[in-house]
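Read through the structure below, which is laid out as structure tokens, and then see the notes.
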Amino acid sequence: MSSPTYSPSRTISSPLLSLSSWRQFQLFDYTPIRDPNYHSSHALYSDPTLSCITATTTSYLIIAINHCTIKLINLSDLTCQLTFDAYNIDYRITFIEPIHNSNNLFVTLAEKQGMPSIIKLWDISKLLNLANNENNDSSKNSKLDQSEYRFEFQTQVLVNDHSSGTTGIGDNSYPISCFKFNYDLTCLAIGYTNGKVILVRGDLLRDRGAKQRLIYNSGNNDPITGVQFNETEQVLYVTTTEKLLTVATTGRNHEKPLKILSNKYGADLNCTDIDESNQNLIVGLNDSIQFYDCFTKISTINFKLAKSRIIKCKQYLLIVSPEERNKAGVSETDHGIDKSLMSRIVILDLVNNHISFNLLISDSSISHAFSLSNGTFLLLTTDGVLYKINEKSINQQIEIVLQRELFSVAFNLGQQYKLPNETLLRIQILHGDYLYDQNKFDEAIDVYIKCLELFKKSGKIVEQKQKNNRSDNQTEVEEEEDIDEFIINIITKFKEATNISNLTKFLIRLYEKSLANIDHITLLLCCYCKLKKIDNLNEFIDELDLSIENLQELNYELIINLFKECGFYDQVLKLLYKLNQPNLIVDIQLNDLHKPKLALNYMKTLTIDDLLLILIDHSTNLLDSCPLETTELLINVFTGKYQPNEPNAKYVFDVSNNGNTSIMNQPQKNPEKESSEREKSVDISNYRAFLNYLSLQSEETDNSDNYTESKTSQENPSLLSNKEPTYLPPKPNLIYASFTNHPKEFVIFLEASLEAFNKYDGNIVDKRETLLTLLEIYLSLNKSTGDKEWLDKAETLTRDYNQLLDNQALLLLSHIYNFKPGEVIAQEKSGNEIDLFMSCQLNQDVEGCFEILEKYGDTKPQLYELMLKFIISSKTIFDQIKYEDIQVILEQIKIYKLLTPIELVDILTENPDNEFITLGLVKDYFIDYFQQQTKEISNNTKLIEKYEQESTKNSFKLSELSKPFVIQNNKCSGCNLKLDFPVIHFKCKHSFHQKCLSTNLIATSTESSTSSTPTSSSTSMLNPNNNAVINHNDDDKFTCPICIHKFNDIKNAKLNQYKLGDAANQNKENFDVFINSLHSSNDKFKFVSDYIGKGVMEDQ
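So in the numbering used here, spot 124 of the sequence shown is number 1270, and the numbers just go up one at a time.
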């Protein structure tokens, strides 16, 4: 909810308006909050030493007590969060102000006579974090003393009163009367009681330094009573007890004002404020409230009331007015008169010029007052009570105003607060009901009609919400229910005959505002019909606004019946044509007028979307009346070749002279009837014959105007198959049900659809469905007529499209219609070659088995095993098979490893009656097998001998390394120069100068091989004084630079073998890889041997 923007532009002049002269409401709630620590040593805002108080945006209440101590109080539960000394004990905090729109930052100002005033910027989050860290830290040394918090400020500025001149230091002998800063804390203004104003400029939020200067000096020591920043014009409003003026905050002004706004009067302390909406100055005088911009006074509100403090927040102005009253029983004339202080709190609504709140606080005065950013006012009394004043909800305010039957005031208030139209509507409805109860029907209907504008706006809001896809469907439904309830209530109130004119007026306005639903429009049309206002009906139809979406949902059946009862056939067709309801128009033409040719001609002018819906609903009737022309239209539509004709109203209705008859009364023309009868007599059973018929029809000459015109814009039917698709065709199955009693037309349609699929690569799913449907209709016609032509077409279709036909459906159709070719194709497609083989085996069909074996043997190797079993199953079959064929089968069994020799023998000897099976049948098979095994054993024996020789040779080399040997090198292996001491020899028989070795010394781990370790004994013998040079670190061993790469390769290979073994034993995934590789290996023993040879089974 947004508050109205206040822009004063008028003056309320004489006479002076007193408090009682204003219209008053109690539109605010107030709550007195007593200090929970009242009269205790830990008092909060009731502390008698409290010098100033303020609050952040919503969370913290900040007070200053004991001159320099600050307390942070949680506003929600009034608990003290932190107490700390912000200044030295001899300073007194006089101002606390929060940073605009900040919940953590606030500014304090403290004074000490004779010393510079100190301004500090504080961060509440930082202070609380320090306190929390202290509580969590057990170390006493890390805790901050209460007085040490004064150094935890964000920024600090020292301010002098410049009593020694614009650049002088000054002694600050005068107190500060007012203090303000701008929105981003880059300008601070300090006003003194001696008439001086100091401006401090700098980026205090980021602590980037600040400069100060004297920008105004009254000269006659008029106390400064207020300073306010105009953020827009970069000027400062300054008020004294004698005048109002502005001072520039930029540039040099030589302590002079920029503009004197008033010399006649000034303002009291705390009686000025700034209107943040327009940066205007508000001045509260005892008899008025003045508004100034930076140039002049712009308006005045005469309001006679003493003012000690004013605060502007949103559109409201809070006024604190001190009052006095005598205590009971004491006469004013007595010398001992005793008066009691009272404070009156008044909140003015500057937009609506009424008092929104009036409260009298007795026996106490207001010491401090301030507002929060959310519009809440906080006032502290001298007896320590904090008053919280909140604005009532706008709905509560409206209810308070409505209780006094001030409907116009309530409506204006709702408009200013931009309340939802539903609330404004309720106010207007109450106003209208009030007038209706007073029997002011004409005025009441006018108010109700004004409500329609609000309903219209509400409807637009709902429509916008729908466009934005918001999830508030329940709210929209409630709004629609409110609209319907309102309209029904008005119709009920004005349903009497005496108010029929008002009701008609209301319905017309309802329709004009686009708020009428289908029932309201129907009611309006009923009124026109009952009153026989044909002109109004025609005018309504001609001026019909089709942008109203709910007109598409009109109860056309009711309207049609109503028009028919009144004889308005012309009007009903005209209305339907205007509303673009082709389905209903065709329905009337077919069922009421019985003109299928006229309906077809009209349908050929429609778009594809409308035409498709009509065909689905009415194609059955059209096929009964005009089968060929309807079939042609269906083919065009479902193959994407349809192109609409130019729309023509003559295909819809024929206006009669008197306007009360319809085309139903027009006699049908003979050419149309003869054409329909001729179509029914033609017997066509395939698509090609149908195309020939259309070609012949196009060549005939017809003298009928209606028939000729229906053909003028059609393409040559003989070229039907050459048309290119102009849109994405719909699914053909949408129209299948219409051909129930027209199987031959169905065949024509399906064949045309299939041809279109083949030519333009249509959707494969739709094509499969079309094929199955066409196959089924072929089989059905064959079954019903016995004509072999249909069976031949089914076989051809199955053979040509066997890859697209669904196996399950093909099997089902073949079973239902006993279609053997289809069953065979389906089984082959399903991969049931074994079933086919078994079927041939049962039928003793040897040739068929060989055909299947030849065709599918490569993909189904198990067929060879089945074929072998089939051959040896009986002597009769065995005699039919050639010896070469049996050998081929055995060879394939060996290639695909289908049987082991033992399994083969078991199969051959399984049946004891197989005496005709001899060893010669499988002799060659076993000879080849044993030769292969012998060759493999011989190869393995040779490998074993080779590995043994290599092992013996390596063992000899290892044993040689453990024996002493003589090194006879006389040249360094590094530089190829003659060796001289000191020298280093390696067991790999490489020798190096120590200086050569030190340049490419390689340190290795303690696991280095002995073959590349330096020979310590020989080194000691050659140069016993250099052992320390060679073995400078006992933990390191050195490797020959020449042999290091070979050594590392061997070492890494060995480590990889150990890792492979660990992975095989510990890692399940690697173990699975090992198992899978083992199973896929042709020689499993060799595979395992290789793994063992790589050290997989050894411990590292």
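The beta-carbon is built from N, C-alpha and C at its ideal position, and this holds for glycine as well.
When the distance is taken between beta carbons, is residue j closer than 8 Å to residue i?
i, j, result
"C1214", "A1232", "yes"
"I1507", "L1463", "no"
"L1524", "A1201", "yes"
"I2053", "L2012", "no"
"L1959", "F1965", "yes"
"T1195", "S1248", "no"
"N1318", "G1355", "no"
"R1550", "I1595", "no"
"S2227", "F2220", "no"
"I1535", "L1565", "no"
"I1199", "I1242", "yes"
"D1307", "K1342", "yes"
"Y1748", "Y1797", "yes"
"S1293", "T1240", "no"
"I1344", "V1305", "yes"
"W1936", "L1943", "no"
"H1666", "I1706", "no"
"V2129", "Q2140", "yes"
Measure the beta-carbon distance from residue i to residue j and round it to whole angstroms, keeping in mind my assumption that it falls under 8 Å.
i, j, result
"I1428", "D1419", "5 Å"
"K1389", "G1372", "The Cβ separation is near 12 Å, so there is no contact."
"Q1789", "T1668", "About 37 Å separates the two Cβ atoms, so there is no contact after all."
"I1465", "L1494", "7 Å"
Just verifying my parser: in three-state terms, what is the DSSP assignment at residue i?
i, result
"P1150", "Summary for P1150: the model assigns pLDDT 48, below 50, so the residue's position carries little reliability, and this model does not support an answer."
"S2235", "helix"
"H2136", "coil"
"L1331", "coil"
"S1467", "strand"
"N1416", "coil"
"S1765", "helix"
"Y1788", "coil"
"E1589", "helix"
"W1168", "coil"
"P1875", "coil"
"K2043", "coil"
"L1690", "coil"
"C1324", "strand"
"E1377", "coil"
"S1513", "strand"
"L1190", "coil"
"K1357", "strand"
"K1606", "Here K1606 scores only 47 on pLDDT, less than 50, and its place in the model should not be relied on; the value that follows carries that caveat. DSSP places K1606 in helix when its eight states are reduced to three."
"I1447", "strand"
"D2229", "coil"
"N2169", "With a pLDDT of 38 at N2169, under the threshold of 50, the modelled position of that residue is not reliable, and the figure given next carries that caveat. Coil."
"L1552", "coil"
"H1577", "helix"
"E1298", "coil"
Just grab the DSSP bridge partners of residue i for me.
i, result
"T1257", "According to the sequence displayed, residue 1257 carries Glu and not Thr. R1238."
"K2117", "K2124"
"T1177", "K1534"
"W1268", "F1252"
"H1500", "D1495"
"Y1206", "N1220"
"A1394", "V1381"
"L2201", "Paired residues: none, contrary to the question."
"S1408", "L1390"
May I have a chain-ordered list of the alpha helix (DSSP H) segments no shorter than 4 residues that lie completely inside the region 1702-1758? As far as the region 1702-1758 is concerned, its whole alpha helix (DSSP H) runs of at least 4 residues are 1702-1712, 1715-1724, 1728-1733, 1742-1749.
If we require 4 or more residues per run, which alpha helix (DSSP H) segments fall completely within the region 1980-2017? You should have 1992-2002, 2008-2017.
Quick one: which unbroken alpha helix (DSSP H) runs of 4-plus residues sit fully inside the region 1890-1973? Chain order, please. Segments of the alpha helix (DSSP H) lying fully in the region 1890-1973: 1910-1931, 1934-1946, 1953-1963.
Minimum length 3: unbroken beta strand (DSSP E) runs contained in the region 1641-1696: DSSP runs (the beta strand (DSSP E)) wholly in the region 1641-1696: none.
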